[in-house]
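Colleague:
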DNA sequence: TACAATTTTCAGAAATTTCTGAAAGTTAAG
DNA sequence: CTTAACTTTCAGAAATTTCTGAAAATTGTA
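Protein chains in written order, with the numbering used here: chain E, 1 to 189; chain H, 190 to 378.
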């Protein structure tokens, strides 16, 4: 499989950015390739196009499956495994978002929850405990918010993201017409 | 400077998570330490508490300053540089959010914009071009949205994040009462 | 069952990132 | 200007991550 200059640039860039997005260079490249390529590709094609070893491809595919970013297909009369990006660009973005939330937030929330169980022994620890509580509250809220966003359908998500400065107005509106049973802000120190 | 067990656990965890958040282990630890510690700390204290070399501390401090996450202070009668986390937990979270947007989104937007300038030469390239356009539109919108969120003050941000399923209702409300001059969705393919 | 096609595994090699510590640089004070 | 206190730099060492390729495992077919 030969890549056009454009595809090449796209793939290489996603390789470079890969590490910032949570996977390594070759995994980023594989994912980028499958994203712009419509046809299902097999492991040999990936190895050839990206000039990496067959073993590396195998590991990369495993990782992308763990991220739920690619799907396995079979071509009739061919025993090879073929893969495509799992869904539309929107689907993929959503999946990356959810997986990153899981990997970047959940472990920290778990640890902080645990740290908050022990009583501070002295002044020093008490100050630290307070800070930990603040970090926890913020991350917990962020996590919930991310969860809320994940559940919005494409239409609503689009609407929300396009609001721009309209978001301010809408939030104002909300506080004025606040009869709709939403709880007031309670957990502020 | 001696760390309590709790502080120790917090610091070590942020070291581990560091790489997922965009900095390396020791930078993560240094940041965590300054976040739970109220008093300004100097480089020697950091090196001692984290058991890392003085040179490493110097590099880490430089990086944290590049992220705008720490602030330099001076103690009267002491020539050493002292540092504290730059602002409240909220301020810090906001800064991390903004810096990550800059590092994770901007370079990609720049590249994609450039790729979209060249005309596709054949069918294959045309398909790829379309995908690139889709990725671009989505990331561009995400970037704008992140920008909008960054500009909200703490009160509004809190309000928004606490909405939960109320967000749906608010968005519905919006489409019904849509006389307020918001533009309709236009840039969809 | 046997076999060929294909995928996975994993030990060690290669590449990359991080860290150290000594030397060089900077700065304030006398 | 000189010195001492402090910070930064950076070459090489250490640690970590990624990659290769040959061997092992799996799978479909006959």
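By construction, the Cβ of each residue, glycine as well, lies at the ideal position given by its N, Cα and C atoms.
Give a yes or no on whether 8 Å exceeds the smallest Cβ distance from residue 320 of chain H to chain E.
Modeller: Interface residue, yes.
Colleague: For a contact meaning CB atoms closer than 7 Å, what does residue 196 of chain H contact in chain E?
Modeller: In chain order: 128.
Colleague: Kindly indicate if chain H contains any beta-carbon less than 8 Å away from that of residue 21 of chain E.
Modeller: yes
Colleague: At a Cβ cut of 9 Å, what residues of the region 299–314 of chain H count as close to chain E, listed as they run along the chain?
Modeller: 300, 301, 303, 304, 307, 309, 310, 311, 313 and 314
Colleague: Could you compute how far the alpha carbon of residue 317 of chain H sits from the alpha carbon of residue 37 of chain E?
Modeller: 7 Å
Colleague: Please say whether residue 350 of chain H and residue 161 of chain E have beta carbons closer to each other than 8 Å?
Modeller: no
Colleague: Out of E:84, E:15 and E:111, which has the shortest C-alpha to C-alpha gap to residue 26 of chain E?
Modeller: E:15
Colleague: Per the contact definition of three or more C-beta pairs closer than 8 Å, is the region 41–61 of chain E in contact with the region 278–293 of chain H?
Modeller: no
Colleague: So what's residue 145 of chain E in DSSP terms, helix, strand or just coil?
Modeller: helix
Colleague: Give the secondary structure of residue 262 of chain H by DSSP, where H, G and I count as helix, E and B as strand, and everything else as coil.
Modeller: strand
Colleague: For the alpha helix (DSSP H) holding residue 215 of chain H, just list the boundary residues, first then last.
Modeller: 214–225
Colleague: Nearest chain E C-beta to residue 339 of chain H closer than 8 Å, yes or no?
Modeller: no
Colleague: Can you pull the chain E neighbours of residue 255 of chain H, defined as C-beta to C-beta under 8 Å?
Modeller: Those within 8 Å of residue 255 of chain H in chain E number zero; the least Cβ separation is about 15 Å.
Colleague: Taking Cβ positions only, does residue 236 of chain H come closer than 8 Å to chain E?
Modeller: With 8 Å as the cut-off, residue 236 of chain H does not count as an interface residue toward chain E.
Colleague: Looking at the structure shown, is residue 86 of chain E part of a helix, part of a strand, or coil, going by DSSP?
Modeller: coil
Colleague: Looking only at DSSP bridge pairs, what is residue 230 of chain H linked to?
Modeller: According to DSSP, which records beta bridges pairwise, residue 230 of chain H is partnered with H:272.
Colleague: Give, in chain order, every residue of the region 71–87 of chain E whose Cβ lies closer than 7 Å to some Cβ of chain H.
Modeller: The region 71–87 of chain E vs chain H, Cβ under 7 Å: nothing.
Colleague: Could you check the C-alpha separation between residue 262 of chain H and residue 6 of chain E for me, to the nearest Å?
Modeller: 49 Å
Colleague: So what does DSSP say about residue 1 of chain E, is it helix, strand or coil?
Modeller: coil
Colleague: At the level of alpha carbons, what is the spacing between residue 79 of chain E and residue 89 of chain E?
Modeller: Taking the straight line from one Cα to the other gives about 28 Å.
Colleague: Of the choices H:343, H:298, H:356 and H:289, whose alpha-carbon is the least far from that of residue 159 of chain E?
Modeller: H:356
Colleague: Taking just the CA atoms, how far does residue 325 of chain H sit from residue 369 of chain H?
Modeller: At residue 369 of chain H the pLDDT is 44, less than 50, meaning the model places this residue with poor confidence and gives no usable figure here.
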